[in-house]
Amino acid sequence: MRALLFIVPLALTIYAFIDCLNTSEEDTKHLPKIAWVFILLLFWIVGPVVWLVAGKARRNAATGTGTGPSSWQRGRRQQWVAPDDNPDFLKSLKADKEARKAEAEAEAESRKAEKAEDEEELKRRNGGSGPDDKTPPTS
129 MRALLFIVPL ALTIYAFIDC LNTSEEDTKH LPKIAWVFIL LLFWIVGPVV
179 WLVAGKARRN AATGTGTGPS SWQRGRRQQW VAPDDNPDFL KSLKADKEAR
229 KAEAEAEAES RKAEKAEDEE ELKRRNGGSG PDDKTPPTS
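Using the working numbering, read the sequence shown as starting at 129 and increasing by one per residue.
The following block contains the structure:
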């Protein structure tokens, strides 16, 4: 029972402190955000209660009124789209696939050209008689 007298105010302080840190400067009421942080940390029993009652502009759930996001935040807000539904992401995948395909074809061509050069060099060294040579050997 004695532990509850310490744990409950501590939990309330931690909750209010995290809530204060996550609140934007525009949504804090009456004092700057840094002042609220000091109040929460210095007055750890009364501070969280005052923060929850008067420190933050809260939205009324029933009417939807209250301080919402500013126009700057509203303009910058974007809705998240899953990667498989995002057309830009799908286009980038297609472009990457085409680039890899073109790179693989270029590499195959260069290997083919190197192989042909190696075979010609080998024929020159052996004087034209090799396993692929159709002419019969002269003796």
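Ideal Cβ positions, reconstructed from N, Cα and C, are used throughout, including at glycine.
Around the C-beta of L168, 16 or more other C-beta atoms lie within 10 Å, and the residue is accordingly described as buried.
Per DSSP, F171 lies in no alpha helix (DSSP H) segment and is marked neither H nor E.
Pairing W164 with P137 gives a Cβ-Cβ distance that is not under 8 Å. DSSP, read as helix, strand or coil, puts T156 in strand.
Closest in C-alpha terms to N150, from the list W179, V174, M129, comes W179. The C-alpha of P211 is placed about 8 Å away from the C-alpha of L218.
Beta-bridge analysis with DSSP links K184 to T156. By the neighbour-count criterion, in which a residue is buried when 16 or more other Cβ atoms sit within 10 angstroms of its Cβ, P160 is exposed. Within its own chain, the residues whose Cβ lies closer than 6 Å to the Cβ of L140, once the five positions on either side in sequence are excluded, are P176, listed in chain order. Shortest Cα-Cα distance from H158 to any of D147, V181, F145 involves V181.
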